[in-house]
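Student: Handing you a structure now.
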Amino acid sequence: MTLGEKLCLVFLFLRIVFTPSSHGNQVVLLDTTSVLGELGWKTYPMNGWDAITEMDEHNRPIHTFQVCHVMEPNQNNWLRSNWIFRQAAQKVYVELRFTLRDCNSIPWVSGTCKETFNLFYYETDESHGVKFKPSQYTKIDTIAADESFTQMDLGDRILKLNTEVREVGPISRKGLYLAFQDIGACIALVSVRVYYKKCPFTLRNLASFPDTVPRVDSSSLVEVRGACVEHAEERDTPKLYCGADGDWLVPLGKCVCSVGYEEMDGACFACRPGFYKAFAGNIKCSKCPPHSFSYGEGAAVCHCEKAFYRAERDPPTMACTRPPSPPRNVVFNLNDTCLQLEWSPPSDMGGRRDLTYNVLCKRCGPEPDQCQLCGEELRFVPRPQGLTNTTVTVMDFSAHANYTFEIESLNGVSKMINYPRPVAAITVSTDQVESVSLTVCWQQPLNISLLVVDYEVKYYEKEHEELSYSSTRTKAPSVIITGLKPSTCYVFSLRTRTSAGHSAYSPKYEYETTDDTSDMASDQGQVLVIVTAAVGGFTLLIILTLFFLITGRYQRQNPVSPLFFSALPYPGVKTYVDPDTYEDPTQAVHEFAKEIDPTRIRIERVIGAGEFGEVCSGRLRTLGKREIAVAIKTLKGGYVERQRRDFLREASIMGQFDDPNIIRLEGVVTRSRPVMIVVEYMENGSLDSFLRKHDGHFTVIQLVGMLRGIASGVRYLSDMGYVHRDLAARNILVNSNLVCKVSDFGLSRVLEDDPEAAYTTTGGKIPIRWTAPEAISYRKFSSASDAWSYGIVMWEVMSYGERPYWEMSNQDVILSIEEGYRLPAPMGCPVVLHQLMLHCWQKERSQRPKFTDVVSFLDKLIRNPSSLLFLLYSLLFDPSVSLAESPGEVVDYHMFISIGDWLDSIKMSQYKSSFVAAGFSTLDSVAQMSIEDVRRIGVVLIGHQRRIVSSIQTLRLQLLHENGFHV
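Counting with mature numbering (1 follows the signal peptide of the UniProt record, and there is no 0), you get residues -24 to -1, 1 to 943 for the letters of the sequence shown.
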């Protein structure tokens, strides 16, 4: 045996240390360590490479090829693999594991010893009968060892393998051969593995993505569109990109579970019986609402129980309801000219709040079956059908006749029953006359720019000289005053209420009612004549009075009146200038923003990405050498001039604002690259994510403080004649002291000089869930549309960052709002705050609150936190008194909590019908009640009397306190 043979065979007796290799996303085409039989590889010449098979410690065969003819010059030994089918690969990887002897450690070796070998490949479509021709093979690389062993390593009998990987491709034929050339080295080829990489089948965002082979070009990605899993549908087209290393990158889009299915463990499963899901989305199935059920799986809606219904426009989330019971306690009040019917609401509302009443009139003869429907001679005020209040006035009836009135209560599902609905009936004879009534009319004021909200008529008995007076409000230019005493002189006066506040009262007018002992027919005619004449004179008085009241207000004829000042802006507030009016946008930037030397800015880390580039945090060195924390918006490279102009436009806007609740602009960098906008740093980031991160951690008064800061910031913008257009919690930033500041002025626009003007866009995206209906439909934006958005922000804050309208689509949101749907109060939200939200969501933008009033209202809540516990919104605003913080401000919220809500809050709901039946229908009237009134309406238990009277006293004190009186 030669020395070379001895050196070669020594490998058989050595322990080889294998280091595991990761197979990850690899498809293996060949692995010599997994072949059980002979490999069958060819050697040229025959005595060159030796095939040696040994068993490892796990009793698995190891196929090795060894060559070690280092003592002989001019070696050219070839080893060729079998044909390897490439499958779907465009590029393959060859992994070689081998050991190599250090030539210096071999004694008596000549200069022909090498420490490398060569790797070749040959593409072909044929797997049989291919003769070996070295000239056909293409060299891949010369392979050298990182670690070679020596004689000392042989003594230790442990060798470490070298692992080398080489790429082969692109490959266009069906398969390939590998060849290994030895030119005089001492090598043991322990394993050969050939594989290609792929992005394996995966599930992401409820979409499946198939096995995908990367492109040969490692710098390009393969875009793969996913297929939604069963019972899912596309929300946005799901996509993944397959990278060169077999990794899935850049997930885009998603699928959502279809109606009736919910997501669990990456799949969509049908809702269980008793549950449903009405909208496609990744929300869980909900339990069926009350009085509904679903017996099968995958229900999209729950069906109503027997005798319960769901109206056509009711959302599937709403409980099934039933028609109401008939009205109760019908009473009437009859005088010479009119009949007033009153009743109590039904004891069973059917589970709904959309309660209305219809009044059917029948004129009856002496016999009960001699009834026929009343003709058009009767006049109902306000109308006989669709009533929302529990009272109606009937006029122009005949004397000495019997009328039967049937009062029916209805709700949204009443028309769905096919049997007669129960009614409450009362029979009235017009032979009964209890008191005198008077109809007072006046002409509406002309040529005024302010909208008249309503009129107030005050009247009292002349002999009492206004010590005790009554008043009534009406939106119409007439009113029927009932319950007057016969043969009594009354004094009347009138005032208007506009969007600017109340006018002064008109001059007083006296009228004496008739004697009820006189003849009925002649007396009624006398009353009509007198009333007609009186109305004529009174009309002239009112026309003249209103003319001077309204026109004189703006001529400062009443300098002490606060109404004139209510329309004026805050003193010292400058007017916003639209940067688009500048011919050169750079001029606008330099006029409103300070240029910063970029050497004073130190960028520390990237905190986000904006529309134009990255957003970073860092430090700004001020002129006093003090460093402050800042956020830096950068304009990414490769921009066009339009992008630069739009980027700097926001700085031109922010630079004009100076308010503690508006994000502060520190300056800009425009004379070097990158172009930057530097603003104050807000440690807690955007309000929506901050609230979601701290769900339930704050008190209600802390949340109100945040809302107050936001409202104050938007009030500042509104006073400058500026509309934000994208008011949302995501665009409110929070600092370490929980101060909220309005930011992101990318969508903002300026208003015209007219405060009622609206900016009309020519296109662009609109944040549907935060935008007022008129802005969605007609792209008209105003401070009133910002008020709508502020109501949504309130809802986001009180729900700790929950998504408005949840998983509803934008189209469903638009349709629901148009049909009158409004977001319900979040869990734990006081009624007082939800009422303000609803006020912000008035369909008519003129009825939405001004931000000045919102700030004033929230200030009162903060100063008097106990008002949040009473949940009584109306008590903070007496329509007859200005609650302004300074002269000229008028807070005019005419929103009332029902008597029922008040009684519920003090746990006395059993007396609702008694209060209403006794005529106490508003909290203003309740605040005037005495202990005798409480007893008179039927509260006989001493403990209940004390609780109600105590609550009434609290209401009075709160009213006095809020109006500046201290007891």
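Every residue gets a Cβ at the ideal spot worked out from N, C-alpha and C, and that includes glycine.
CB-CB under 7 Å to R471, same chain, minus the five flanking residues each way: which ones, in chain order?
Tutor: On the sequence shown, residue 471 is found 495 positions in, with the first residue counted as 1. Same-chain partners within the cutoff: E432, H478, S479, A480, Y481, S482.
Student: Ends of the beta strand (DSSP E) at K434?
Tutor: Position 458 of the sequence shown, counted from the start, is the residue given in the question as residue 434. Start and end: 428 to 437.
Student: Please list, in chain order, all residues of the same chain as A125 whose beta carbon is under 7 Å from its beta carbon, the five residues on each side excluded.
Tutor: As a working note, residue 125 is residue 149 in the sequence shown. This sequence places Phe at residue 125; Ala is not what is there. Closer than 7 Å at the Cβ level, and outside the excluded window around F125, lie T75, R77, D78, L135.
Student: Take R597 as the anchor and find which of R578, R180, I456 has the nearest alpha-carbon.
Tutor: For the purposes of this step, residue 597 is taken as residue 621 along the sequence shown, with counting starting at 1. It is R578 whose Cα lies nearest to the Cα of R597.
Student: Between the Cα of I793 and the Cα atoms of V807, L814, V773, L809, which residue gives the shortest distance?
Tutor: As a first step, residue 793 is located in the sequence shown; it is residue number 817 there, counting from the start. Of V807, L814, V773, L809, the residue nearest in Cα terms is L814.
Student: State the DSSP-derived secondary structure class of Q42, mapped to helix, strand or coil.
Tutor: In the sequence shown, the residue the question calls residue 42 occupies position 66. Correct three-state label for Q42: strand.
Student: Got a sec, what are the start and stop residues for the alpha helix (DSSP H) E750 sits in?
Tutor: Looking up residue 750 in the sequence shown gives position 774. Segment 749 to 754, the alpha helix (DSSP H) holding E750.
Student: Rank C264, N94, V399 by C-alpha distance to the C-alpha of D158 and give the top, closest one.
Tutor: Here residue 158 corresponds to residue number 182 of the sequence shown, with the count starting at 1. With distances taken between Cα atoms, D158 lies closest to N94.
Student: Go ahead and pull the three-state DSSP assignment for C231.
Tutor: Within the sequence shown, numbered from 1, the residue matching residue 231 stands at position 255. The answer is strand: DSSP assigns C231 an E or B state.
Student: Under a three-way DSSP split, which group does V357 fall into?
Tutor: Numbered from its first residue, the sequence shown carries residue 357 at position 381. Strand.
Student: Strictly by DSSP, which residues pair up with R142?
Tutor: One-based indexing of the sequence shown puts residue 142 at position 166. R142 pairs with V70.
Student: Could you give the first and the last residue of the continuous alpha helix (DSSP H) run that contains A903?
Tutor: Along the sequence shown, one-based indexing puts residue 903 at 927. From DSSP, A903 is part of no alpha helix (DSSP H); its letter is neither H nor E.
Student: For I924, count the other beta carbons within 10 Å of its own beta carbon; 16 or more makes it buried, fewer makes it exposed. Which is it?
Tutor: Translated into the one-based positions of the sequence shown, residue 924 becomes position 948. Buried, because 16 or more other Cβ atoms sit within 10 Å of the Cβ of I924.
Student: Mark N80 as exposed unless 16 or more other C-beta atoms lie within 10 angstroms of its C-beta, in which case mark it buried.
Tutor: As a first step, residue 80 is located in the sequence shown; it is residue number 104 there, counting from the start. Looking at its Cβ environment, which holds fewer than 16 other Cβ atoms inside 10 Å, N80 is exposed.
Student: Mind checking whether the beta-carbon of D762 lies closer than 7 Å to any heavy atom of the ligand SAM?
Tutor: In the structure on display, the ligand SAM does not appear, and there are no ligands present to speak of.
Student: Just how far apart, CA to CA, sit P265 and V428?
Tutor: Here residue 265 refers to the residue found at position 289 of the sequence shown. Here residue 428 refers to the residue found at position 452 of the sequence shown. Those two C-alpha atoms are separated by around 43 Å.
Student: Which of helix, strand or coil does DSSP assign to I677?
Tutor: Numbered from its first residue, the sequence shown carries residue 677 at position 701. Helix, per DSSP.
Student: I'd like the list of long-range same chain contacts for A27, defined as Cβ closer than 6 Å, with 5 residues on each side in sequence excluded.
Tutor: As a first step, residue 27 must be located in the sequence shown, where it is residue number 51. Closer than 6 Å at the Cβ level, and outside the excluded window around A27, lie F41.
Student: Could you tell me the distance, in whole angstroms, from the CA atom of V106 to the CA atom of L228?
Tutor: Indexing the sequence shown from 1 puts residue 106 at position 130. Indexing the sequence shown from 1 puts residue 228 at position 252. Looking at the two C-alpha atoms, the distance is approximately 48 Å.
Student: In or out: L203 buried (at least 16 other Cβ within 10 Å) or exposed?
Tutor: The residue given as residue 203 occupies position 227 in the sequence shown. Correcting the residue identity first, residue 203 is Ala in this sequence and not Leu. Burial call: exposed.
Student: At the level of alpha carbons, what is the spacing between Q420 and Y435?
Tutor: Locating residue 420 in the sequence shown gives position 444, where the first residue counts as 1. Locating residue 435 in the sequence shown gives position 459, where the first residue counts as 1. For Q420 and Y435, the distance between alpha carbons rounds to 20 Å.
Student: Hey, could you find the ends of the beta strand (DSSP E) M371 is sitting in?
Tutor: Residue numbering aside, residue 371 sits at position 395 when the sequence shown is read from its first letter. First-last of the beta strand (DSSP E) with M371: 367 to 371.
Student: Work out the CA separation of S628 and E590 for me, nearest whole Å.
Tutor: In the sequence shown, residue 590 corresponds to position 614, counting from 1. In the sequence shown, residue 628 corresponds to position 652, counting from 1. For E590 and S628, the distance between alpha carbons rounds to 19 Å.
Student: Does the separation of the CB atoms of Y466 and K438 fall below 8 Å?
Tutor: Residue 466 sits at position 490 when you count from the first residue of the sequence shown. Residue 438 sits at position 462 when you count from the first residue of the sequence shown. It is a contact, given that the beta carbons lie within the stated cut-off.
Student: If we require 4 or more residues per run, which alpha helix (DSSP H) segments fall completely within the segment 620 to 696?
Tutor: Complete alpha helix (DSSP H) runs here, min 4: 663 to 669, 676 to 695.
Student: If you follow the beta strand (DSSP E) that V198 is in, where does it begin and where does it stop?
Tutor: Taking the sequence shown and counting its residues from 1, one reaches residue 198 at position 222. That run of the beta strand (DSSP E) goes 198 to 201.
Student: Would you check if there are 3 or more beta carbon pairs closer than 8 Å linking the segment 277 to 296 to the segment 385 to 405?
Tutor: Enough Cβ pairs lie closer than 8 Å, so yes.
Student: Just to confirm my understanding: we take S662, look at its own chain, exclude 5 residues before and 5 after, and list those with CB closer than 8 Å. What are they?
Tutor: Residue 662 sits at position 686 when you count from the first residue of the sequence shown. Once the five neighbours on either side are set aside, the close Cβ partners of S662 are A705, R706, N707, I708, L709, V710.
Student: Would you grab the beta carbon distance between I147 and V68 for me? Rounded to a whole angstrom, and I think it's under 8 Å.
Tutor: Locating residue 147 in the sequence shown gives position 171, where the first residue counts as 1. Locating residue 68 in the sequence shown gives position 92, where the first residue counts as 1. Indeed, because the Cβ distance is near 6 Å, the residues count as touching under 8 Å.
Student: Rounded to whole angstroms, how far is the Cβ of T646 from the Cβ of E571, which I believe are closer than 8 Å?
Tutor: Residue numbering aside, residue 646 sits at position 670 when the sequence shown is read from its first letter. Residue numbering aside, residue 571 sits at position 595 when the sequence shown is read from its first letter. Right, their Cβ atoms sit about 7 Å apart.
Student: Pull up the DSSP beta-bridge partners for L709, would you.
Tutor: Translated into the one-based positions of the sequence shown, residue 709 becomes position 733. DSSP output for L709 lists S662, K717 as bridge partner(s).
Student: Rounded to whole angstroms, what's the CA-CA distance from Q361 to K230? Just pull it up for me.
Tutor: In the sequence shown, residue 361 corresponds to position 385, counting from 1. In the sequence shown, residue 230 corresponds to position 254, counting from 1. Going by the C-alpha atoms only, they are around 50 Å apart.
Student: Check each candidate in A801, T406, L5 and name the one with the smallest Cα separation from Q811.
Tutor: Position 835 of the sequence shown holds residue 811. Checking every option, the nearest Cα to that of Q811 belongs to A801.
Student: Give every residue of the same chain whose Cβ lies closer than 7 Å to the Cβ of R911, excluding the five residues on either side of it in the sequence, and list them in chain order.
Tutor: Residue 911 sits at position 935 when you count from the first residue of the sequence shown. Closer than 7 Å at Cβ, skipping near neighbours: Q921.
Student: Near A64, which residues of its chain fall below 6 Å by C-beta distance, leaving aside the five closest residues on each side in sequence?
Tutor: Sequence index remark: in the sequence shown, residue 64 carries index 88 (1-based). Hits under 6 Å: V189.
Student: Spatial neighbours of V606 within its chain, please: CB distance less than 8 Å, with the 5 preceding and 5 following residues excluded, ordered by chain position.
Tutor: Mapped onto the sequence shown, residue 606 falls at position 630. Counting only Cβ-Cβ distances below 8 Å, and skipping sequence neighbours, we find I577, S593, G594, R595, L596, E642, V654, V655, E656, Y657.
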